[in-house]
Amino acid sequence: MPPADSKLHMAVTNLFDGGVVNNANIASQIAQMILKSLIEQAELLASMPLRVEDRGDRWQITGNRGIAGSDEPGVGPIEVRKHDSAILAPRAAGNLLGDAAIAEKFAAKVLANIAGRGELRRQRPLVAEDNGDSWRVRGSANAKRTAEGPGPFELLVQKCDARVLDMWFEWVLNTPPDVQSMLQASARKPGRGM
């Protein structure tokens, strides 16, 4: 896998119509999801609706107002990078995606944004697998590869800052029996030049 800030990684995540977080709506949804785990519900509600500002390569999200009757500014700022969704949340301590449930919610928001709600419904349930410092979230569409065509959605995301490291859709192609036997025969042959 390419390093998270390599040119290849940026090219892969930018393939999805300008990046993983390509509009203010998804930036707001992701920030709201993260804020729910960082602050009290009353503080979050008092800061709604969130303000989202386009800062070129990232979105900056702040609360609309402070707690009722207070002169304090609203929550934030939270910054969400467009190309890979890496989040800078100064109030955060520990992993932003600390458990499987929040990783699955995050993946659902990303999937709905890049492929639509219909594809999200087709991929449900999404299942997160712990990979140490990241989550591998996999969709369920055609997971057993019983039909030719689109298969499961997969997303690899860092726990600490919600940075999308990789995402893809599997595609299932049926292999005719004669091709399968040729592949099996070539796999059994010893390599040349050994």
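Each residue of the sequence shown is one higher than the last, beginning at 7 in my numbering.
Just so you know, even glycine gets a beta-carbon here, dropped at the ideal spot from N, CA and C.
One question on the structure: do residue 142 and residue 135 come within less than 7 Å of each other, judged by their Cβ atoms?
Counted from its first residue, the sequence shown places residue 142 at position 136. Counted from its first residue, the sequence shown places residue 135 at position 129. Taking 7 Å as the Cβ cut-off, residue 142 and residue 135 qualify as a contacting pair.
Taking the C-alpha atoms as reference points, what is the distance between residue 133 and residue 166?
As a working note, residue 133 is residue 127 in the sequence shown. As a working note, residue 166 is residue 160 in the sequence shown. So the alpha carbons of these two residues sit roughly 19 Å apart.
Would you tell me roughly how many angstroms separate the C-alpha atoms of residue 44 and residue 36, rounded to the nearest one?
In the sequence shown, the residue the question calls residue 44 occupies position 38. In the sequence shown, the residue the question calls residue 36 occupies position 30. Roughly 13 Å separates the two Cα atoms.
Please name the residue or residues paired with residue 173 in a DSSP beta bridge.
Your numbering for residue 173 matches position 167 in the sequence shown. DSSP, once it has assigned bridges, lists 161 as partnering residue 173.
Could you give the first and the last residue of the continuous beta strand (DSSP E) run that contains residue 136?
Position 130 of the sequence shown, counted from the start, is the residue given in the question as residue 136. 133-136 is the span of the beta strand (DSSP E), which, as asked, contains residue 136.
Considering only the beta carbon of each residue, do residue 57 and residue 88 sit closer than 7 Å?
As a first step, residue 57 is located in the sequence shown; it is residue number 51 there, counting from the start. As a first step, residue 88 is located in the sequence shown; it is residue number 82 there, counting from the start. The answer is no: Cβ separation not under 7 Å.
Need the endpoints of the beta strand (DSSP E) that residue 140 sits in, please.
Position 134 of the sequence shown, counting from 1, holds the residue named residue 140. First-last of the beta strand (DSSP E) with residue 140: 140-144.
Would you mind working out which of 59, 121, 95 sits nearest residue 160, comparing C-alpha positions?
Looking up residue 160 in the sequence shown gives position 154. Answer by Cα proximity: 121.
Start and end of the beta strand (DSSP E) containing residue 84?
Start at 1 with the first residue of the sequence shown, and residue 84 comes out as number 78. First-last of the beta strand (DSSP E) with residue 84: 84-87.
What is the DSSP secondary structure of residue 124, counted as helix, strand or coil?
The residue labelled residue 124 in the question sits at position 118 within the sequence shown. Helix at residue 124.
Which stretch, first to last residue, makes up the beta strand (DSSP E) that contains residue 64?
Within the sequence shown, residue 64 is the residue found at index 58, counting from 1. Unbroken beta strand (DSSP E) run through residue 64: 64-68.
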